[in-house]
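Structure first, commentary second.
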Amino acid sequence: MYTALKPILDTELQGIKDQSLWKEERVIMSPQGREITVDGKKLLNFCANNYLGFSGTDGVREASDAALAKWGFGQASVRFICGTQGIHKELEAATAKFLGMDDAILYSSCFMANVGLFQTFFGPDDAIISDELNHASIIDAVRLTKSERLIYTHMDMADLEAKLKSVKDKRLKVIATDGVFSMDGHIAPLKEICDLADKYGALVMVDDAHATGVLGATGRGTPEFTGTEGRIDFLTGTYGKALGGAGGAFIVSHQEVVDYLRQRSRTYLFSNAMEVGTCGASLYTIDYIQKHPELVKKLKDNTTLFRTLMTEAGFNVAGGEHPITPVMFAEEKQAVETAKALFDEGIYVVGFSFPVVPKGKARIRVQISAAHTPEDITTIVEKFAKVSGKN
Ligand SMILES: *Cc1c(COP(=O)(O)O)cnc(C)c1O
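Residue 15 is where the sequence shown starts when you use this note's numbering, and the numbers rise one by one after that.
In structure tokens, the structure reads:
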């Protein structure tokens, strides 16, 4: 009987609107890319996770088409029954090799990879120590275990150490962190985290969704950026951001970990094999990145240019070296209204407000891509200045 639920939803939905927190889904009528079409208008796109500019290109689509032509559409099976095709093994091998780990296992999404990871290895006898700003998928994944949960202050190593010290008589301890925090662009201090893990006998889990293909001289992610390659026990990542953008995900880890996940991980065992077109596109992007290190370099140069020009123009830009560059606003409404004004100026960005970010920390999260030209970067800075009355 819907009559009990409807009035609750009516009140909740009205409340979201009254607080100006309603999130509108804009309809894009073009492929993803540097430039997109919305409401019949061409806009420069500065809010995709399309860090290397692969999304929407002919290259990834052709790689996907070729994989579909060879392997056919749809396995109608999970991996262990009759869903494993040659291309799945090829992608697992290429991903493990690129990231320098023993083996890789594919998932439909990084959300599912995180859910499938924690419940497989950690139970009531174990403790999970998690950064307070970790992605929703880690939070939910950890909740599905019966492990002791300890939340440490965001990137606060003293608090992490205190939490590690406080764990008594547990079989396993694991530190869980995003490699890059998606709302802030913060890069996790993996060296310090690994040192503490060694000191207290803990495992290290990193979700590198925003970093694979993005950080490090050759795009191998936060471990490469922080010099901790070989010290991370479980690394989850997605093909749905820098590596093509359609979806699909992976865990790379020690051989025994991957072997055990294939036997026991519920979101792997009881969910369809990864779609083969996406496998083909992901193989293409991994190969391309390794042959064209200048792509990662271009992303880095664009990011530096944007940060420098915005700071010079008097904006408060948070984050660090990652292409996620939050432009901060004192008022919730200001972020949303500035994004609207930028839309009218041909720039597509989104204002984030509570509950996506904490109250009082509203922002426009600008995401830089290697697809942008230096002129695009100058344009967005000029438009920001124009709509904010800073010129
Ligand atoms: C985007 C993101 C995910 C989800 O990835 P999907 O493959 O889209 O499910 C998981 N973790 C982090 C840190 C992310 O930023």
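For each residue, glycine too, the CB sits at the ideal point set by N, CA and C. From a predicted model like this one, the values you see are computed outputs, not experimental measurements.
| Query | Result |
| --- | --- |
| Given 8 Å, three or more beta-carbon pairs between the stretch 123 to 143 and the stretch 268 to 276 | yes |
| Continuous alpha helix (DSSP H) stretch holding residue 236: start and end | 236 to 240 |
| Cβ distance (whole Å) where residue 292 is taken to contact residue 262 below 8 Å | 5 Å |
| Near ligand 2: residue 63 beta-carbon under 8 Å from a heavy atom | Because ligand 2 does not appear in the structure shown, any question about it cannot be addressed here, the ligands present being ligand 1. |
| Check whether residue 150 and residue 281 have beta carbons under 9 Å apart | no |
| Length at least 4, wholly inside the stretch 16 to 88: the alpha helix (DSSP H) runs in chain order | 19 to 32 and 72 to 85 |
| Complete alpha helix (DSSP H) runs within the stretch 76 to 163 (minimum length 4 residues, chain order) | 100 to 113, 124 to 135 and 150 to 157 |
| Burial state of residue 176 (16 or more Cβ within 10 Å) | exposed |
| Close-in-space but distant-in-sequence residues of the same chain around residue 69 (CB under 6 Å, 5 per side omitted) | 46 and 259 |
| Three-state secondary structure (DSSP) of residue 196 | coil |
| The alpha helix (DSSP H) enclosing residue 324, as first and last residue numbers | 308 to 326 |
| The stretch 62 to 81 / the stretch 372 to 383 touching (three or more Cβ pairs under 8 Å) | yes |
| Extent of the continuous alpha helix (DSSP H) to which residue 180 belongs | 171 to 180 |
| Close beta carbons around residue 359, own chain, < 6 Å, minus the five adjacent residues each side | 397 |
| Residue 336 beta carbon less than 9 Å from that of residue 200 | yes |
| Sequence-distant residues of its chain with Cβ nearer than 6 Å to residue 240 (five each side left out) | 204 and 205 |
| Contact belief for residue 366 with residue 377 at Cβ below 8 Å, rounded distance in angstroms | 5 Å |
| Start-end ranges of the alpha helix (DSSP H) lying completely within the stretch 246 to 279, minimum 4 residues | 269 to 278 |
| Cβ-heavy atom distance, residue 354 to ligand 1, below 8 Å | no |
| CB of residue 215 within 9 Å of CB of residue 202, strictly | no |
| CB of residue 212 within 9 Å of CB of residue 191, strictly | no |
| Rounded C-alpha distance that separates residue 58 from residue 50 | 7 Å |
| Residue 94 versus residue 238: straight-line alpha-carbon distance, rounded | 33 Å |
| Ligand 1 heavy atom lying under 8 Å from the CB of residue 293 | no |
| Other residues of its chain near residue 322: CB distance less than 6 Å, five sequence neighbours each side excluded | none |
| Residue 142 and residue 156 closer than 9 Å at C-beta | yes |
| Expected contact under 8 Å - CB spacing of residue 109 and residue 266 to nearest Å | 6 Å |
| Rounded straight-line distance, which links the Cα of residue 229 to that of residue 236 | 6 Å |
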